[in-house]
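The sequence shown maps to residues 3 to 225 in the working numbering.
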Amino acid sequence: MSPRRRDSTPGPTAAAALAESLRERILEGDPAPGTALREEELAQAHDLSRHTVRAALAMLGAERLVEVVPYRGARVATLDDAALIALQQLRAALETEAVRLLGDTHPSGWPIEVRAPIDAAIDALAAAEGSADWSATTRAHAGVHRAIVAAADSPRIAEAHAHLEAEILLLLAQVRPDYPPGGLTAEHRSYVDALGREGGAAVREHLAHSTALIRAARAKNTN
C-alpha cells in the first residue's frame, strides 16, 4: 500500500497554503513567465495530493497569476501588451470612480483624515525605494493605490480593485520601468496632489504614463 499524503483528508487550508507559497515565488519572478506548473511535480515536492495542487492552481488562476488550460495544464501567466492595456483600463475605471466619490464627499478638498493614510502609504513607498528592493517597492506602490481607493469608502470598489493587485504585482515582477532613485515616490506625491485638483483626468494620465514606461522597458529588455 502506498503511503498516504499529508493531506489525505484535504481541506481549504492545504490548498490555500500551497497557493500562498506559489504566489510568493511567482511574484518574485521564479518561476518565470510561461513556466509550466505540473501537478505531479508540485504534489511530490510538497507532499500533497494532485487534487489539492489542482485547487491551489485554480486559486491562482482566479487571480490571473496562472493560466490554466483544460487538458494542457497550468503555467505562470505572461502579460503581453494587450493584457497590460486591458488591466490598466480596468484600474482606471475603478480608481476614477473612487476619486469621483471622494470629490463628491469632500468638494472643498480632501481633509487630513483622508490624506493621512495615503500619505503614510507614500512614506512606506519612499522607505521601500530607499532599500533598493524592487519587490518591496512594487508592493508599497500597490499600497498607495490601495489607500487611494480605500479612502472612497466603497467596499465593492475596494474589493474589485483588490482582485487586480496580484496581477499588477506580477506585471511589475516581469518588467521594471526606468525610474531614477526616489522617482516613484516623487511621482506619486505629485499624483495625489493632482487628484484633488483634476480628479479622473489625473488618474487616466497617471496610468497612461505608467503604461508607456512599462511598454518601453519591455521593448528595451527584448532588444
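Virtual Cβ for every residue (Gly too), placed ideally from N, Cα, C.
Contacting residues, own chain, Cβ-Cβ under 8 Å from residue i (five flanking each side not counted)
i    : result
L89  : L81, L166, E169, I170, L173
A45  : R7, S51, R52, T54, V55
R27  : P33
I87  : T213
H163 : R93, L96, E97, A100, H147, R148, V151
A219 : V177, R178, P179, D180
Cut-off 6 Å between Cβ atoms - residues of its own chain near residue i, not counting five sequence neighbours on either side
i    : result
A130 : A138, T139, A142
A18  : none
Local Cβ density within 10 Å of residue i, reported as buried at 16 or more and exposed below that
i    : result
H190 : buried
K187 : A small fix is needed here, since residue 187 is Thr in this sequence, not Lys. That one is buried.
L104 : buried
S10  : Low confidence applies to S10: its pLDDT is 49, below 50, so where it sits in the model is not reliable, and the reading given next is rough at best. Exposed, because fewer than 16 other Cβ atoms sit within 10 Å of the Cβ of S10.
I124 : buried
T213 : buried
T211 : The residue asked about is misnamed: residue 211 is His in this sequence, not Thr. Result: exposed.
Y73  : exposed
R158 : exposed
I114 : exposed
V194 : buried
V205 : buried
V68  : buried
A57  : buried
Endpoints, beta strand (DSSP E) assigned at residue i
i    : result
V177 : Unbroken run through V177: none, as it is neither H nor E.
G185 : Segment 185 to 200 is the alpha helix (DSSP H) holding G185; no beta strand (DSSP E) there.
Option nearest residue i by Cα separation, candidates the options
i    : options                : result
A95  : R220, A214, G201       : G201
G31  : P119, Q176, G75        : Q176
R226 : E97, L24, W136         : In the structure as shown, the chain begins at 3 and stops at 225. Residue 226 is therefore absent and cannot be evaluated.
T98  : L209, A219, L86        : L209
G198 : D83, T107, R148, W136  : T107
S156 : A122, L62, V101        : V101
L39  : A76, L20, A221         : A76
P109 : L59, A154, R93         : A154
S133 : H163, G184, A164, I120 : G184
V116 : R148, T224, L92        : R148
A21  : A118, A84, A219, G63   : G63
G36  : L29, V78, E42          : V78
A128 : A47, E41, P182, A196   : P182
Nonlocal neighbours in the same chain, by C-beta distance under 7 Å from residue i, ignoring five residues either side
i    : result
A126 : A142, G145
P12  : Legend: pLDDT at P12 = 49, less than 50; position of this residue unreliable, no value from coordinates given.
L215 : P179, D180
A160 : V151, A152
Limits of the unbroken alpha helix (DSSP H) element including residue i
i    : result
E97  : 83 to 107
E65  : From DSSP, E65 is part of no alpha helix (DSSP H); its letter is neither H nor E.
E115 : 114 to 133
R141 : 136 to 153
A34  : Taken as a continuous stretch (DSSP letters only), A34 belongs to no alpha helix (DSSP H), as it is neither H nor E.
L44  : 41 to 48
Which of helix, strand or coil DSSP assigns to residue i
i   : result
R77 : strand
S10 : Since pLDDT at S10 reaches only 49, below the 50 mark, its modelled position is unreliable, and no value is offered.
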